[in-house]
Amino acid sequence: MAASSIRGLRLIKSLERYAAETKNFDSTVILNNMKFAAASDGFLKGTFTVERGMCNAAGYAHGGCMASFIDSLSFISHMTYPNGKIGWTTNMTVNFLMAAKIGEQISVEAQLIKLGKISVCETTLKNQAGVLLVKGITTFSVGADDIDDFVKRAMYIEDEKSNGNLKKGGK
1127 MAASSIRGLR LIKSLERYAA ETKNFDSTVI LNNMKFAAAS DGFLKGTFTV
1177 ERGMCNAAGY AHGGCMASFI DSLSFISHMT YPNGKIGWTT NMTVNFLMAA
1227 KIGEQISVEA QLIKLGKISV CETTLKNQAG VLLVKGITTF SVGADDIDDF
1277 VKRAMYIEDE KSNGNLKKGG K
(Lines of atoms letter the chains of each structure in order from A and count residues from 1; the text may use other names and numbers.)
(Lines give C-alpha, C1' and ligand atoms only; values in the text may rest on other atoms or scores of the structure.)
Protein backbone atom coordinates (compact mmCIF):
# COMPACT_ATOMS: atom_id res chain seq x y z
CA MET A 1 0.00 0.00 0.00
CA ALA A 2 1.54 3.29 -1.06
CA ALA A 3 1.21 6.70 0.63
CA SER A 4 -0.89 5.60 3.57
CA SER A 5 -0.95 7.12 7.04
CA ILE A 6 -0.95 4.98 10.16
CA ARG A 7 -4.56 6.01 10.72
CA GLY A 8 -5.46 4.99 7.14
CA LEU A 9 -3.73 1.62 7.48
CA ARG A 10 -5.45 0.97 10.79
CA LEU A 11 -8.83 1.85 9.31
CA ILE A 12 -8.31 -0.42 6.30
CA LYS A 13 -7.21 -3.34 8.52
CA SER A 14 -10.33 -2.85 10.65
CA LEU A 15 -12.53 -2.71 7.56
CA GLU A 16 -10.95 -5.89 6.18
CA ARG A 17 -11.70 -7.72 9.45
CA TYR A 18 -15.21 -6.27 9.50
CA ALA A 19 -15.85 -7.38 5.91
CA ALA A 20 -14.60 -10.90 6.63
CA GLU A 21 -16.85 -11.32 9.66
CA THR A 22 -20.11 -9.65 8.68
CA LYS A 23 -22.75 -10.22 6.03
CA ASN A 24 -24.21 -6.77 5.48
CA PHE A 25 -24.36 -4.75 2.27
CA ASP A 26 -21.21 -2.69 2.85
CA SER A 27 -19.11 -5.76 3.54
CA THR A 28 -20.45 -8.19 0.94
CA VAL A 29 -20.81 -5.81 -2.00
CA ILE A 30 -18.31 -3.01 -1.36
CA LEU A 31 -15.53 -4.01 1.05
CA ASN A 32 -15.08 -7.63 -0.02
CA ASN A 33 -14.57 -6.47 -3.60
CA MET A 34 -12.19 -3.57 -2.92
CA LYS A 35 -8.42 -3.77 -3.07
CA PHE A 36 -7.22 -0.71 -1.19
CA ALA A 37 -4.00 0.91 -2.44
CA ALA A 38 -3.74 4.05 -0.27
CA ALA A 39 -5.54 5.77 2.57
CA SER A 40 -4.34 8.99 4.17
CA ASP A 41 -5.53 12.42 5.25
CA GLY A 42 -8.91 12.41 3.52
CA PHE A 43 -7.72 10.44 0.47
CA LEU A 44 -8.56 6.87 -0.49
CA LYS A 45 -7.46 4.91 -3.53
CA GLY A 46 -8.22 1.36 -4.64
CA THR A 47 -9.63 -0.92 -7.31
CA PHE A 48 -12.43 -3.40 -7.80
CA THR A 49 -13.56 -5.64 -10.63
CA VAL A 50 -17.13 -5.44 -11.93
CA GLU A 51 -18.82 -8.76 -11.16
CA ARG A 52 -22.09 -10.24 -12.45
CA GLY A 53 -23.90 -9.43 -9.18
CA MET A 54 -23.11 -5.73 -9.68
CA CYS A 55 -24.66 -5.61 -13.16
CA ASN A 56 -28.00 -5.07 -14.81
CA ALA A 57 -29.55 -7.50 -17.31
CA ALA A 58 -27.50 -5.99 -20.15
CA GLY A 59 -24.22 -6.87 -18.41
CA TYR A 60 -23.22 -3.35 -17.43
CA ALA A 61 -22.54 -2.11 -13.91
CA HIS A 62 -25.80 -1.04 -12.30
CA GLY A 63 -25.89 2.68 -11.52
CA GLY A 64 -27.17 2.05 -8.01
CA CYS A 65 -24.25 -0.23 -7.31
CA MET A 66 -21.73 2.32 -8.57
CA ALA A 67 -23.43 5.01 -6.46
CA SER A 68 -23.10 2.70 -3.44
CA PHE A 69 -19.36 2.38 -4.06
CA ILE A 70 -19.13 6.17 -4.16
CA ASP A 71 -21.17 6.58 -0.99
CA SER A 72 -19.25 3.98 1.04
CA LEU A 73 -15.76 4.88 -0.16
CA SER A 74 -16.26 8.62 0.26
CA PHE A 75 -17.30 7.91 3.86
CA ILE A 76 -14.13 5.85 4.40
CA SER A 77 -11.94 8.60 2.89
CA HIS A 78 -13.52 11.04 5.33
CA MET A 79 -12.52 8.82 8.24
CA THR A 80 -8.88 8.68 7.12
CA TYR A 81 -8.50 12.38 7.86
CA PRO A 82 -6.74 12.96 11.20
CA ASN A 83 -9.82 14.71 12.64
CA GLY A 84 -12.34 12.64 10.65
CA LYS A 85 -15.50 11.76 12.55
CA ILE A 86 -18.35 9.39 11.84
CA GLY A 87 -20.86 10.96 9.48
CA TRP A 88 -23.90 10.10 7.42
CA THR A 89 -24.73 11.01 3.87
CA THR A 90 -27.12 13.91 3.50
CA ASN A 91 -26.73 14.49 -0.22
CA MET A 92 -25.08 12.80 -3.16
CA THR A 93 -24.76 13.92 -6.76
CA VAL A 94 -23.63 11.24 -9.19
CA ASN A 95 -22.82 11.75 -12.86
CA PHE A 96 -22.76 8.56 -14.92
CA LEU A 97 -20.58 9.30 -17.93
CA MET A 98 -19.88 5.85 -19.35
CA ALA A 99 -20.87 2.29 -18.45
CA ALA A 100 -18.53 -0.38 -17.07
CA LYS A 101 -18.80 -3.98 -18.29
CA ILE A 102 -18.53 -7.24 -16.40
CA GLY A 103 -14.88 -8.06 -15.80
CA GLU A 104 -13.61 -4.48 -16.07
CA GLN A 105 -11.23 -3.31 -13.38
CA ILE A 106 -12.31 0.01 -11.93
CA SER A 107 -9.99 2.40 -10.09
CA VAL A 108 -11.47 4.52 -7.33
CA GLU A 109 -10.15 7.76 -5.89
CA ALA A 110 -11.99 9.55 -3.12
CA GLN A 111 -10.76 12.94 -1.91
CA LEU A 112 -12.15 14.96 0.97
CA ILE A 113 -12.60 18.52 -0.30
CA LYS A 114 -14.21 20.11 2.78
CA LEU A 115 -13.93 19.06 6.40
CA GLY A 116 -16.28 20.35 9.07
CA LYS A 117 -19.71 19.73 10.59
CA ILE A 118 -20.73 19.40 6.97
CA SER A 119 -18.03 17.58 5.00
CA VAL A 120 -17.81 17.07 1.23
CA CYS A 121 -15.96 14.40 -0.73
CA GLU A 122 -15.35 13.95 -4.45
CA THR A 123 -15.08 10.37 -5.74
CA THR A 124 -14.22 9.17 -9.23
CA LEU A 125 -14.47 5.76 -10.86
CA LYS A 126 -12.27 5.16 -13.92
CA ASN A 127 -11.62 2.18 -16.16
CA GLN A 128 -8.16 0.70 -16.82
CA ALA A 129 -7.62 3.12 -19.71
CA GLY A 130 -8.15 6.02 -17.28
CA VAL A 131 -11.50 7.01 -18.77
CA LEU A 132 -13.79 8.66 -16.24
CA LEU A 133 -16.91 6.53 -15.86
CA VAL A 134 -18.64 7.95 -12.80
CA LYS A 135 -18.08 11.06 -10.69
CA GLY A 136 -19.79 11.70 -7.39
CA ILE A 137 -19.91 14.47 -4.82
CA THR A 138 -21.04 13.29 -1.39
CA THR A 139 -22.06 15.57 1.47
CA PHE A 140 -21.95 14.30 5.06
CA SER A 141 -23.40 15.59 8.27
CA VAL A 142 -20.69 14.86 10.80
CA GLY A 143 -21.31 13.61 14.33
CA ALA A 144 -19.15 13.45 17.44
CA ASP A 145 -17.90 9.84 17.24
CA ASP A 146 -14.38 9.29 16.00
CA ILE A 147 -12.84 6.33 14.21
CA ASP A 148 -12.06 4.49 17.45
CA ASP A 149 -15.76 4.39 18.35
CA PHE A 150 -16.60 3.15 14.85
CA VAL A 151 -13.99 0.39 14.98
CA LYS A 152 -15.19 -0.77 18.40
CA ARG A 153 -18.81 -0.90 17.26
CA ALA A 154 -17.97 -2.54 13.96
CA MET A 155 -15.60 -5.17 15.29
CA TYR A 156 -16.39 -5.84 18.92
CA ILE A 157 -19.25 -6.14 21.33
CA GLU A 158 -18.95 -5.51 25.02
CA ASP A 159 -18.94 -8.69 27.05
CA GLU A 160 -21.22 -7.89 29.99
CA LYS A 161 -19.79 -10.76 32.08
CA SER A 162 -16.20 -9.55 31.70
CA ASN A 163 -16.57 -6.15 33.37
CA GLY A 164 -16.31 -4.07 30.21
CA ASN A 165 -13.80 -6.20 28.34
CA LEU A 166 -14.31 -6.39 24.63
CA LYS A 167 -14.77 -9.64 22.78
CA LYS A 168 -14.76 -10.39 19.10
CA GLY A 169 -18.15 -10.16 17.45
CA GLY A 170 -20.17 -7.39 15.91
CA LYS A 171 -22.52 -9.61 13.92
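Just so you know, this note's numbering puts the end of the sequence shown at 1297, numbered straight through with nothing missing.
Every residue, glycine too, gets a C-beta built ideally from N, C-alpha and C.
Keep in mind it's a predicted model, so treat the numbers as computed, not measured.
Can you check the region 1165-1226 for any beta strand (DSSP E) of at least 3 residues that lies completely inside it and give the ranges in chain order?
-> Listed in chain order, they are 1169-1175, 1211-1222.
In terms of DSSP beta bridges, what is E1248 paired with?
-> DSSP lists Q1237, I1263 as partners of E1248.
Could you tell me the distance, in whole angstroms, from the CA atom of G1185 to the CA atom of M1192?
-> Within the model, the alpha-carbon separation for G1185 versus M1192 is close to 14 Å.
For the alpha helix (DSSP H) that S1084 lies in, which residues bound it at each end?
-> Any property of residue 1084 remains undetermined from this structure, which presents the chain solely from 1127 to 1297.
Whole-angstrom distance between I1228 and R1178, CA atom to CA atom | Straight across, the Cα-Cα distance linking R1178 with I1228 is about 6 Å.
According to DSSP, is V1257 helix, strand or coil?
-> The answer is coil: DSSP assigns V1257 none of H, G, I, E or B.
Reference N1158, options F1195, N1253, P1208, L1241, closest by Cα = Of the candidates F1195, N1253, P1208, L1241, the residue whose Cα lies closest to the Cα of N1158 is F1195.
Straight-line Cα distance separating A1187 from A1225 | Approximately 7 Å between the Cα atoms of the pair.
A1163 beta carbon less than 8 Å from that of G1134 | Contact flag unset, no.
With 16 as the cutoff for other CB atoms within 10 Å, does S1200 come out buried or exposed?
-> Its Cβ being crowded by 16 or more others within 10 Å, S1200 is buried.
For V1268, write down the residues that DSSP places opposite it in a beta bridge.
-> Within the DSSP secondary-structure output, V1268 pairs in a beta bridge with G1213.
Contacting residues, own chain, Cβ-Cβ under 7 Å from K1297 (five flanking each side not counted) = Confidence at K1297 is low in this model, with a pLDDT of 38, below 50, so the placement of that residue is unreliable and no value is reported for it.
Proximal residues to M1180 (C-beta, below 7 Å), its chain only, five neighbours per side dropped = Closer than 7 Å at the Cβ level, and outside the excluded window around M1180, lie A1187, H1188, C1191.
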